[in-house]
Every structure is written in structure tokens, then in C-alpha cells.
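A short worksheet on the structure shown next.
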């Protein structure tokens, strides 16, 4: 990447189109003008743009905004909750037509709000992946629901095998379920077991809170895949990746000479 001036000992960031170090931003209902403002500084650091939960159905100028994001090279997709809303109504074919209508080549498959047989979820992934880039989300949105680490691993690997290009580790936009405890702290045992069995470059970790972003950057380095980032946090996140905030300042500097 090109910066405004040189500074030694910055980590080498992956370049677009990225396979590692991707950032997924959540648009929860930005206006067209707000989207334009976000893109001015944020487009170079953003890979995926999620139109959060079911917000797409009530957002003004939806097609224009999708076209704008596509114009600037972002992969745009509807949030998984909208997918589930169609599935709960037995409207999968209508969902496919909706993706075509808005020209979306990326899709998310999730089951965090509804009960779905996993074989059926794999079927949806397989069908969508024949013509689209698929992200699938693992983990429940319900607070207090515990999924055994072995099940996380099995679900993630089977979804990758079914056609998902990336699996998303659930945390919601609040960051207090799934891979995180109620207080937002990382579920360290779960995370360590997942990364021992699932390719890290295939996982996008939902990290809406700064402390969570710091945790994964310190664990995996600047080129870790992070998601559910607020548009306002895209530049602050990039400075965390580069060690240009106090939280990660010393992670990129060489050891001092004794």
C-alpha cells in the first residue's frame, strides 16, 4: 500500500484483491451520501460490505448504494439474517431472484436466528456457491447458547467443503456471543481449538469492539481477517493493524538492542 510518508518497521499489509487480512464492514443503513463519505477514505481498506441484518428492505436508494460499492471494488452482500428471513418463509427461490435483481455476486448463509438442519444449510451453500462467492456463518446469535468446540470445528470444515469461501465466526454486532463471553472477552479455549483444526486464512472473526480487534491482531498479526467493523472504525482498525495505536504499538517494533 502507498502511504503519505515513510515510516520503518510497519508490517507488510496484503493488497487487494486480498485472501488474507480482509476487512468486512457492516453498513446498518448508511445513506447514499454517508456511503460516499465512507468510501473516500475506507474503500482501500475494505474488502466485504455487509448490508446488516434485514436493513436492506427499508434502506433508501438501495440499488444506487450497491452500485456505488461495486464501482469501488467492494464485495457487497445481504446480511445473513435476511437470508434466514426468506428461509423461514420457505422463499429460497425468491431470495435467489433477489440476488440477481440487485446484481449481488456474494451471499451469506447463516442459521444463527432459526433452527436449520445442517445438511440443509450445506445444501444452500452448495447451490449458491455454484454461481456466487459464499460466506457462511457459524454460531448462534442467542446469548447463553454454548456450542462445543468440536462441533464448531465440524461445522466450519463441512461448510468450507460444501463451497463456502470463508466461514464467519459469530459474535453479532454487539460482540458478546459466540466466540466471545458476555462481557466481550475472547473465548480463548474455543478459539485455540478452532485454529488448530480450521485454516485460519479461511476464517473471518467478527470483532465489533476495539479490544476484540486488538486480541486477534496480537494473536495472528496485521493480516488477520476481521468483520462486523463499523464504517467509522475502518481507519482506526487499519492503524491497529499497523501498530500505530497504543494497543498494538510494540507488536511491530523490533526487539531493542541490549
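Residue numbers (the numbering used here): 6 to 263.
Just so you know, even glycine gets a beta-carbon here, dropped at the ideal spot from N, CA and C.
For residue i, decide whether its Cβ has a neighbour in chain D, counting only Cβ atoms nearer than 8 Å.
i: residue 188; result: Judged by its chain identifiers, the structure shown contains no chain D, having just a single protein chain.
Along the beta strand (DSSP E) that carries residue i, what are the first and last residues, could you check?
i: residue 112; result: 111-114
i: residue 211; result: 208-211
What separation, rounded to the nearest whole angstrom, lies between the Cα atoms of residue i and residue j?
i: residue 69; j: residue 196; result: 39 Å
i: residue 96; j: residue 44; result: 33 Å
i: residue 254; j: residue 50; result: 19 Å
i: residue 81; j: residue 109; result: 7 Å
i: residue 75; j: residue 104; result: 14 Å
i: residue 22; j: residue 222; result: 20 Å
i: residue 31; j: residue 234; result: 6 Å
i: residue 241; j: residue 203; result: 28 Å
i: residue 133; j: residue 10; result: 43 Å
i: residue 38; j: residue 72; result: 13 Å
i: residue 57; j: residue 211; result: 13 Å
Span of the alpha helix (DSSP H) holding residue i?
i: residue 82; result: No alpha helix (DSSP H) contains residue 82, which is instead part of the beta strand (DSSP E) from 80-83.
i: residue 50; result: Segment: none, residue 50 is in no alpha helix (DSSP H) and carries neither H nor E.
i: residue 97; result: 97-106
For residue i versus residue j, is the C-beta spacing smaller than 8 Å?
i: residue 231; j: residue 214; result: no
i: residue 172; j: residue 164; result: yes
i: residue 15; j: residue 236; result: no
i: residue 184; j: residue 191; result: yes
i: residue 48; j: residue 79; result: yes
i: residue 239; j: residue 28; result: yes
i: residue 169; j: residue 139; result: yes
i: residue 175; j: residue 144; result: yes
Tell me residue i's beta-bridge partners as DSSP assigns them.
i: residue 31; result: 55
i: residue 231; result: 28 and 210
i: residue 185; result: 191
So does residue i have its beta carbon nearer than 7 Å to some heavy atom of the ligand NAP?
i: residue 227; result: Questions concerning the ligand NAP fall outside what the structure shown contains, since it holds no ligand whatsoever.
Uninterrupted alpha helix (DSSP H) stretches inside the region 117-181 (no shorter than 4 residues): 123-134 and 154-167
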